[in-house]
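The structure appears right after this line, and notes come after that.
There are 4 protein chains.
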Amino acid sequence: MSGSIFGRYFRVSTFGESHGPAIGCVVDGCPSNLDLSEADIQAELDRRRPGQSSISTPRSEPDACKILSGVLGGKTLGTPIAVVIENQNQRSSDYSEMSALWRPGHADFTYDAKFGIRDPRGGGRSSARETAARVAAGAIAKKCLTKIEIRAWVESVHSISMPSFDGIPTLEQIEETEVRCPHKPTALRMIEFIKKTRSEGDSVGGVIRCRISGCPAGLGEPVFDRLEADLAKAVLSIPACKGFEIGSGFAGTRMFGSAHNDEFYLGEDGSVKTRTNFAGGVLGGISSGQTIDFRAAFKPTATIFKTQNTLDKSLNPVTFAGKGRHDPCVLPRAAVIVESMAALVVADAVLAAGKTLPLK
Amino acid sequence: MSGSIFGRYFRVSTFGESHGPAIGCVVDGCPSNLDLSEADIQAELDRRRPGQSSISTPRSEPDACKILSGVLGGKTLGTPIAVVIENQNQRSSDYSEMSALWRPGHADFTYDAKFGIRDPRGGGRSSARETAARVAAGAIAKKCLTKIEIRAWVESVHSISMPSFDGIPTLEQIEETEVRCPHKPTALRMIEFIKKTRSEGDSVGGVIRCRISGCPAGLGEPVFDRLEADLAKAVLSIPACKGFEIGSGFAGTRMFGSAHNDEFYLGEDGSVKTRTNFAGGVLGGISSGQTIDFRAAFKPTATIFKTQNTLDKSLNPVTFAGKGRHDPCVLPRAAVIVESMAALVVADAVLAAGKTLPLK
Amino acid sequence: MSGSIFGRYFRVSTFGESHGPAIGCVVDGCPSNLDLSEADIQAELDRRRPGQSSISTPRSEPDACKILSGVLGGKTLGTPIAVVIENQNQRSSDYSEMSALWRPGHADFTYDAKFGIRDPRGGGRSSARETAARVAAGAIAKKCLTKIEIRAWVESVHSISMPSFDGIPTLEQIEETEVRCPHKPTALRMIEFIKKTRSEGDSVGGVIRCRISGCPAGLGEPVFDRLEADLAKAVLSIPACKGFEIGSGFAGTRMFGSAHNDEFYLGEDGSVKTRTNFAGGVLGGISSGQTIDFRAAFKPTATIFKTQNTLDKSLNPVTFAGKGRHDPCVLPRAAVIVESMAALVVADAVLAAGKTLPLK
Amino acid sequence: MSGSIFGRYFRVSTFGESHGPAIGCVVDGCPSNLDLSEADIQAELDRRRPGQSSISTPRSEPDACKILSGVLGGKTLGTPIAVVIENQNQRSSDYSEMSALWRPGHADFTYDAKFGIRDPRGGGRSSARETAARVAAGAIAKKCLTKIEIRAWVESVHSISMPSFDGIPTLEQIEETEVRCPHKPTALRMIEFIKKTRSEGDSVGGVIRCRISGCPAGLGEPVFDRLEADLAKAVLSIPACKGFEIGSGFAGTRMFGSAHNDEFYLGEDGSVKTRTNFAGGVLGGISSGQTIDFRAAFKPTATIFKTQNTLDKSLNPVTFAGKGRHDPCVLPRAAVIVESMAALVVADAVLAAGKTLPLK
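Chains as they are written, first to last, in our numbering: chain S, 1 to 360; chain D, 1 to 360; chain P, 1 to 360; chain C, 1 to 360.
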């Protein structure tokens, strides 16, 4: 019953209910003598926090983080780093109805089935608010991965997709619009679509794309702890995520081997490269030095304002319509979370491979 | 550098190179007093082993398993169960060229990058032969899950897909054709397509569908060790797997929340059910009691008989064409492996949830 | 580099430096629907905290705990329980000299060697203050072990030992004197001895005895995760602990097998008992249902007020004498820590054995 | 219920019952490109195996090991190394009576209580025969620790103790007599005593001393995964072990801090040394670069030939006297096992500290 610890070497323990006193994380395994400040973590939290834009929940949490341990004079000590984020803007009265029924698409029923008790305030532990702790941990991991660039962005919302392209967008390109799609014309259409969906009391899903460059060859372990397997686990552990594909993914199942195999050649810089990257940067579970390239599917937000049929805890049929403050589309914020989870996986893989952090 | 142990409570350690003396597994955590014989394991191994049909590799391994420990008089002792499968039909001369170059789409380059040494015979540890050990372990897990039905089958090969349907096919329906697609007209088309692809020296991928029924509500842990996250890791750890989706998956990203949310209702048998199953049997990382339903994408087999460009270990450009015995399509055998990995995940989740095996 | 997580099923992650903002723990794996309040934890913390008596350090920390997550309305939720204890009474100026030299008997040198950085304020992470977080976690474990009685007490201080006896003293007997030796005449002599030692600027060690009754047969796993092995690890992980023995321990090495083997007989209550308990309650790594009985050796406190020779960080010989507030004998407070660690081990073993908490 | 995997980074999974087909281990995490042959492992197994001398059991097992995976052309591949030892000299008829009763001092009762089933042949999994698999794994660990010397020897048998001395005996000094006490006059007295004890149908215990030199400063993790805690767990996991002490151990509890603190000074070779070594080579859980020095207490062998009272499985009082082939004193062989477990701990600690094996 203990599922809140992630990683084998760079280990993150998270805690916290949406409307409890605080959420947070403890990172055990971060190397010593690394520059780290609350500002480093806050910058990432600010990207994830709600209330930033016209298309996300108006719940406005400052999400101010506090480092409780593991850092002295701006340097990590090599000891556990605890980060706490107090919950401030709690409007628990919004959620009173929730304790008595099971909202469709939410974890109310399964938490009741598993634990026989549930914090109904804002979804408790199952709330996406929990991911703030992951973003804090991911910010620490990113500080260890200075030579590695990890970028995630919104590739599609519902059926609106940006054009395909090579390379990795800059942080500025991603952050240019509130929807975190680096192709501005598409971004504007996405924003329109999300606003329209919200005005109808509905919600919508989409796809996050993530690319990681600068990752050395040799990360990932054979057989079970493959790099793509750990990335898949990390990504599927994010609330609302329903799918993961790396490289060619599901589309690759409709290719022939002669087209899919990425041929090796010697790059002008003397390094081994592949002419295509259908593998998505991993071969046999181990990074090849090519760009790691994966997608994550996110379902529409479960909270909608339309009336739905469901059951209450006494098994009576009831109707339910969401109230309160919710994102009609989790994608823009999910991009930050995907980046964070990817950073945790890569930092762990670096240590698992017997290399040291920060990666040189 | 230790990635060959799977599970936290039902733990499986595998070992073995494709052309070494033997492959095998040690299962630590299987409960005592369970009926188990070599025949139970052999039955599953026989489904996976090569040389069974007109569309798989003619390499014919008997894959005879031997239980070395943990079982006495047909009952498990609660102690580690070691299973060994000797490698017999080794034609290592087929692979002599391989040690000097990096085959496209294979793990040769990444193993060299990671380990500085590699067993070139049949792909060594990166060979799909390693999965026989997983099937042996999965057979033991299945014996613990008597009330749970886990079935995987071939849903599509390249662009040939079977019609969608509800429910779970029987083992007989799956095994009726050598391609393990339970819809016979589609299966026959798949077989034709695979044969044609092989005759052209090429290979092809496809999609495995897996459904699990009888799984009680309450399996899976919140946050990181979600049931779908563990399934994703398990499935992505299978050689050639490039994608995983549960429930609505990637298609669900083009739905609205009002359509995607599965409404709860009271079944005639008094149990809580949902009218649809876009969630795929999990909510908030925890099983809901509905059918668990996921897909896995497999790329085309890396070994093809067409000439490809690549590099040798001295970084010189060379050409390479596969020789020897290989499946032009891994899907039929991958179905058995997906079932095995799913069984390992579910057995582990049962123990993690504080329930006992065999599940009652 | 991540050594601050304990347990496999009942998992505890601790954090905090002695003079940082706070110390604390996150308990992941505690079952749901258990009664738990801050008062439960505070009661144990109050037993461990400094400044309580004439023989411990006058540093007076209120050690007030705050539960940040995992509990709602006095019941555990089954989600991680974070407990934070703010550091209040920090007199860091006492410790300024410490950053420049390596105190004999302390971890200054080894932390510098390992991490290249060290929090010199009060010993940082290596301070015994860290054990407050363990006591908080142990208090939670104890709430899960209602039928099991775990008692630790001071059996000897230097060469002053209490008479041997059977059975388990009550909490009241242990707490009657500030030295936590339940034999009052011995306790009074110990107190005199500790006071005299302190007046000489010196320190002294001793032995903790711990007995656990009510533990069902069947806890502990064969081979590596034996109950006594996990207890030994738990106890040796406490600062200043240098030895562990269970049952006959080192004295048993001078016995013959014919005297050492504990004969089984049928108790009047129909349960299986042994006439002697040289095994200390475990056979083959598994609890037998007899009282678990072990000892832990604690060295004299490293901080003394006599002048000692040592090196500074530039490898120059220097002298050093302790200042500030320190216990001349850690034993009375160590008893509480030993109890806590034993509770963590037993709670973990119960879950590992597939039993549920609270133990019925 | 899975307790047969040891280590976090250098991970060992063992399996096997005493009289089953085979015992063995799988080592996952051994680095690649290390020289390793069956002869390396056999050499250590030959030290542990029975039937070597006048004071051990006449059961004569060749204990021939076979490497099944992970090694090619005398070099490790970085993949799991499986080692199998077939059980050959099984005289199971000796043990027929055992299935019906619980031998005093053995694990029969606790295995029955835990598992509800037990392999009565030679003690099954609880047999000391299981330690051969540890010795095989330890031999692999030793190959990774070329600069580190790990030596264990018999310091005392019953009340016969060798004189104290500094330094580490050579392998030749230890192996000179069959009792593995490097002080020959004491060794001869021990042998006499063991023979006399055996002639009386009794058994006897003793103390193993282990010293490790060449261990760099910085191994071991703060708080829970301290080097001494991991050593204690490793040692207490050996059958018949009842105690562990490091450095001053229990004797140190009768010292004052002013005598116990090891003063630092600068050695002639420019390295930091301590004038005494009461710490036993660890400070704050981390190796200091001084010799690691610990003791392990072993109880008298449980199997004796005198008649003892016990219960059968129907709870009837019965008498029992051991038959068959047994060591009257496990100490000489335990020395080899202690060395092996220490090697596993050190190899794991090296990897945990982010250093690479083989240690340079």
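Using N, Cα and C, we set each Cβ at its ideal position, and we do this for glycine too.
Using the Cα positions of residue i and residue j, report the straight-line distance between them to the nearest angstrom.
| i | j | result |
| --- | --- | --- |
| alanine 296(P) | cysteine 241(P) | 7 Å |
| proline 239(C) | valine 330(C) | 10 Å |
| serine 237(S) | alanine 229(D) | 5 Å |
| threonine 276(D) | glutamate 263(D) | 7 Å |
| glycine 74(D) | valine 235(C) | 33 Å |
| alanine 343(S) | valine 157(C) | 55 Å |
| valine 345(P) | arginine 11(P) | 10 Å |
| valine 338(S) | valine 207(S) | 11 Å |
| aspartate 46(P) | proline 332(P) | 13 Å |
| cysteine 215(C) | serine 271(C) | 13 Å |
| methionine 341(P) | serine 161(P) | 23 Å |
| methionine 98(P) | proline 120(P) | 6 Å |
Here's the rule: buried if 16 or more other CB atoms are within 10 angstroms of the residue's CB, otherwise exposed. What is residue i?
| i | result |
| --- | --- |
| glutamine 308(S) | buried |
| glutamine 88(S) | exposed |
| asparagine 261(S) | buried |
| valine 130(D) | Note that residue 130(D) is glutamate in the sequence shown here, rather than valine. Looking at its Cβ environment, which holds 16 or more other Cβ atoms inside 10 Å, glutamate 130(D) is buried. |
| leucine 315(S) | exposed |
| aspartate 166(D) | exposed |
| leucine 145(C) | buried |
| lysine 196(C) | exposed |
| leucine 68(C) | buried |
| leucine 36(P) | buried |
| proline 222(P) | buried |
| alanine 137(S) | buried |
Do residue j and residue i count as a contact pair if the criterion is CB distance below 7 Å?
| i | j | result |
| --- | --- | --- |
| valine 154(P) | valine 135(P) | no |
| glycine 105(D) | alanine 347(D) | no |
| isoleucine 85(C) | glycine 122(C) | no |
| arginine 49(P) | glutamate 61(P) | yes |
| leucine 227(S) | alanine 349(S) | yes |
| threonine 367(P) | glutamine 290(P) | Nothing about residue 367(P) can be reported from this structure: the residues present for chain P run from 1 to 360 only. |
| glycine 247(P) | phenylalanine 278(P) | yes |
| arginine 189(S) | proline 328(S) | no |
| serine 287(P) | alanine 335(P) | no |
| glycine 205(S) | threonine 170(D) | no |
| valine 71(C) | isoleucine 140(C) | no |
For the ligand GTP, is there any heavy atom lying closer than 6 Å to the beta carbon of residue i?
| i | result |
| --- | --- |
| valine 179(D) | In terms of ligand content, the structure shown is empty, and the ligand GTP therefore cannot be addressed. |
Assuming residue i and residue j are in contact, meaning their beta carbons sit under 8 Å apart, how far apart are those beta carbons, in whole angstroms?
| i | j | result |
| --- | --- | --- |
| threonine 79(P) | leucine 34(P) | That belief does not hold up - the Cβ atoms of threonine 79(P) and leucine 34(P) are roughly 12 Å apart, past 8 Å. |
| leucine 351(D) | leucine 357(D) | 7 Å |
| lysine 313(P) | alanine 100(P) | 6 Å |
| cysteine 210(C) | phenylalanine 294(C) | 5 Å |
> At a Cβ cut of 9 Å, what residues of the stretch 280-292 of chain D count as close to chain E, listed as they run along the chain?
Replying inline: This model lacks chain E altogether; the protein chains it does include are S, D, P and C.
>> What are the residues in the stretch 106-123 of chain P lying within 7 Å of chain C by C-beta distance?
In response: His106, Ala107, Phe109, Thr110, Tyr111, Ala113, Lys114
> Just by C-beta distance, which residues in the stretch 20-50 of chain S are closer than 8 Å to chain D?
Replying inline: none
>> So if I threshold CB-CB distances at 9 Å, which residues from the stretch 127-142 of chain C count as touching chain D?
In response: none
>> Counting only Cβ-Cβ distances shorter than 8 Å, please list the residues of the stretch 296-318 of chain C near chain P, keeping chain order.
In response: Ala297, Phe298, Lys299, Pro300, Thr301, Ala302, Thr303, Ile304, Lys306, Gln308, Asn309, Thr310, Leu311, Leu315, Pro317
> Which residues, in chain order, does the stretch 64-81 of chain S contribute to contact with chain C at a C-beta distance below 9 Å?
Replying inline: Gly78, Thr79, Pro80
> Between the stretch 338-359 of chain P and chain D, which residues of the former have a C-beta closer than 9 Å to a C-beta of the latter?
Replying inline: Leu351, Ala352, Gly354, Lys355, Thr356, Leu357
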